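Worksheet for the structure shown next.
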Amino acid sequence: MKLTTLNQKPIFKTLKKASLCLIVFLCFACQSDDDQPDKDPLDGIWQLAEKGYVLEFKDGKDVLYNYSEAGCAVLDSDFKLEDLGIEFSDVNETELVLSSFQFLSPLRLTRLSDLTESCLPEQIASTEDAKVNFDHFWNIFNDYYAFFELRNVDWAQYESLRDQVTEENLYATIEELVYLLEDGHVNVVDPEKGVFINAGLPNLFERLNANISGNNTIETEEDFDTITDQKANIIIEKYLNGNFEIDTSENLAWGLISDDIGYVNIAGMEGFARTNSDELIQLNAVLDKMMNDIKNSGVTKLIIDIRFNGGGLDTVSKDIVARFIGDQRAVFSKKARLGNGFAEEQVFSIGPNGDFQFTGDIVLLTGPLTASAAEVFALCMKELPNVTIAGENTNGVFSDILSHALPNGGQLGLSNEVYSDAQGEVFEGVGIGPTPENEAPFLLDEDFTAQKDSGIDKAIEILTK
5 MKLTTLNQKP IFKTLKKASL CLIVFLCFAC QSDDDQPDKD PLDGIWQLAE KGYVLEFKDG
65 KDVLYNYSEA GCAVLDSDFK LEDLGIEFSD VNETELVLSS FQFLSPLRLT RLSDLTESCL
125 PEQIASTEDA KVNFDHFWNI FNDYYAFFEL RNVDWAQYES LRDQVTEENL YATIEELVYL
185 LEDGHVNVVD PEKGVFINAG LPNLFERLNA NISGNNTIET EEDFDTITDQ KANIIIEKYL
245 NGNFEIDTSE NLAWGLISDD IGYVNIAGME GFARTNSDEL IQLNAVLDKM MNDIKNSGVT
305 KLIIDIRFNG GGLDTVSKDI VARFIGDQRA VFSKKARLGN GFAEEQVFSI GPNGDFQFTG
365 DIVLLTGPLT ASAAEVFALC MKELPNVTIA GENTNGVFSD ILSHALPNGG QLGLSNEVYS
425 DAQGEVFEGV GIGPTPENEA PFLLDEDFTA QKDSGIDKAI EILTK
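For the numbering used here, add 4 to where a residue sits in the sequence shown, where the first one is 1.
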């Protein structure tokens, strides 16, 4: 059985599902020319080299291209910046700066005098030819994927497979290659052909099933929903006594384990508002309420549970961390692959935000489903001296997903960035997790039999020592 897709239903979420590894395709757009002066400063051609993007703003028809050594393809032929809450912060003759609630830092694009040779209209590939599409696939990964060495994959040896591909076996060949990476941020999607591939799913299912058997085994999406619903109900009934607060997006829930121990479940790192412009505003309104409730409860210890969190936006993770940090400190850095090296490394710091920050003892519960922006949250929280991690290692996929299109219209997602902690350590592929004495499986046969949660029990044990 091939595992190609899985919708994740985080704890407390009853109305919507979030996929484990979100395929977030970074698109850009230009504002309408209706209210612009005759000469729009955005008009022209702009390059974002570390992403392999060229943007053309011209006559209200704005195009986003992606390029590699194999050539150029159109990622979006008519995009709109405002649709994704992206706006330009500054523009001059040589540089365009874009910012958004989605970005931890602005994107800086360089003006080109003309389209690069491979992106001239007559050079842009749009074809079903299997060998051309394989060339683009192989070169996109060869040019931009950041973790061949870490994932122990010799990519060069597979370039010659182009001689064997046909239209019938193209995606089967691609599937075999991306599965070698075991990377949940590597995706291949072509809805018209029924292709939905996530390179991390086989390994994820293996990890989830490591400590369960029989009727508990997860083989389908329905199995997954059933067993995670059971686990959610155990937490709600046994540990929270059915009493908890939850925000309208169902991403944040909180309650009391005991008079002295509070519980916070962060189920997702996006979707707090219906409009892009309100995302962080609404998030922080919810955080204000949650932190006020925690303060008024008088608890001195806290369990933060991100075991059901498949990720979202790093900016959301950063804002949540700011409610549990007592002073400004560097928490992580990241750099994007560029050619045979990397673009300039960016260092990120977080300081306290809000009227109240909880700085008492915290146990952070993590597991195999903890991915992407949820792992960035863990990357930040582990820097705090009052935080202990318990549970299992996170999924091990930190990078933002870089999206490129194939000439046949299929889309690729890949890991292009290397995240490091404040000491320079990289957790890609292995994840962030507990010391051996604080390990507790996320899914365990005995837990379902006894109607308990070993992770929460371990957290309580740590906090009451």
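Ideal Cβ placement from N, Cα and C applies to all residues, glycine included. Quick caveat, the model's predicted, so the values are computed rather than measured.
Sort I265, I270, G246 and V303 by Cα distance to E254 and report the nearest one. Along the sequence shown, one-based indexing puts residue 254 at 250. Cα-wise, what sits closest to E254 is I270.
Please report the distance separating the alpha-carbon of E73 from that of G343. Taking the sequence shown and counting its residues from 1, the one referred to as residue 73 is at position 69. Taking the sequence shown and counting its residues from 1, the one referred to as residue 343 is at position 339. The straight-line gap separating the alpha-carbon atoms of E73 and G343 is approximately 11 Å.
Going by beta-carbon coordinates alone, are I238 and Q455 separated by less than 8 Å? The residue labelled residue 238 in the question sits at position 234 within the sequence shown. The residue labelled residue 455 in the question sits at position 451 within the sequence shown. A contact, by the Cβ cut-off of 8 Å.
With G395 and G371 assumed to form a contact (beta carbons below 8 Å), what rounded beta-carbon distance in angstroms separates them? In the sequence shown, counting from the first residue as 1, residue 395 sits at position 391. In the sequence shown, counting from the first residue as 1, residue 371 sits at position 367. At roughly 5 Å, the Cβ-Cβ gap stays under 8 Å, so G395 and G371 are in contact.
In chain order, what residues of the same chain have a beta carbon less than 7 Å from the beta carbon of C123, not counting five sequence neighbours either side? Residue 123 sits at position 119 when you count from the first residue of the sequence shown. Here the set comprises V58, Y69, Y71 and C76.
Assess contact between the stretch 320-330 and the stretch 348-356, defined as three or more Cβ pairs (one per stretch) separated by less than 8 Å. Is contact present? yes
So V290 is in the beta strand (DSSP E); what residue range does that whole segment cover? If you number the sequence shown from 1, residue 290 lands on position 286. Element bounds for V290: not the beta strand (DSSP E) but the alpha helix (DSSP H), E283 to S301.
Residue interval of the beta strand (DSSP E) (run including W50): On the sequence shown, residue 50 is found 46 positions in, with the first residue counted as 1. Where W50 is concerned, the enclosing beta strand (DSSP E) stretches over G48 to L52.
Please check the pair L111 and L119, which I expect to be a contact at CB under 8 Å, by giving their CB distance rounded to whole angstroms. Taking the first residue of the sequence shown as 1, we reach residue 111 at position 107. Taking the first residue of the sequence shown as 1, we reach residue 119 at position 115. Not confirmed; about 19 Å, so no contact.
In three-state DSSP terms, what is C25? Here residue 25 refers to the residue found at position 21 when the sequence shown is read from its first residue. Low per-residue confidence applies at C25: pLDDT is 33, beneath 50, and the placement is therefore not dependable, though the value from the model is reported in the following sentence. Correct three-state label for C25: coil.
Contact set for D133: own chain, Cβ-Cβ below 7 Å, skip 5 residues either direction: In the sequence shown, the residue the question calls residue 133 occupies position 129. So the list is empty, once near-sequence residues are dropped.
Output the boundary residues of the beta strand (DSSP E) element that contains D461. Numbered from its first residue, the sequence shown carries residue 461 at position 457. Segment S458 to L467 is the alpha helix (DSSP H) holding D461; no beta strand (DSSP E) there.
Assign R278 to buried or exposed, taking buried as 16 or more other Cβ atoms, counted over all protein chains shown, within 10 Å of its Cβ. To locate residue 278, count along the sequence shown from 1; it is residue 274. Label assigned to R278: exposed.
Flag this pair as yes or no: are the beta carbons of R155 and E186 separated by less than 8 Å? Numbered from its first residue, the sequence shown carries residue 155 at position 151. Numbered from its first residue, the sequence shown carries residue 186 at position 182. Yes; because the gap between Cβ atoms is below 8 Å, this pair is in contact.
According to DSSP, is D38 part of a helix, a strand, or is it coil? The residue you call residue 38 lines up with position 34 of the sequence shown. With a pLDDT of only 43 at D38, under the threshold of 50, the placement of this residue in the model should not be trusted, and no figure is reported.
Pairwise C-alpha distance: I298 and Y183: The count along the sequence shown starts at 1 and reaches residue 183 at position 179. The count along the sequence shown starts at 1 and reaches residue 298 at position 294. Distance between the alpha carbons of Y183 and I298 is about 43 Å.
Exposed or buried, what is K469 when buried is set at 16 or more other beta-carbons lying within 10 Å of its beta-carbon? Sequence index remark: in the sequence shown, residue 469 carries index 465 (1-based). Exposed, since its Cβ has fewer than 16 Cβ neighbours within 10 Å.
Candidates G459, K322, G433 and S458, of which the one nearest N207 by Cα: Here the question's residue 207 lines up with position 203 in the sequence shown. The residue with the shortest Cα to Cα distance from N207 is G433.
Quick one: residues in its chain with C-beta nearer than 8 Å to the C-beta of D227, no 5 flanking neighbours on either side, listed in chain order? As a working mapping, residue 227 is identified with position 223 in the sequence shown. For D227, where only same-chain residues beyond five positions count, the Cβ hits under 8 Å are T221.
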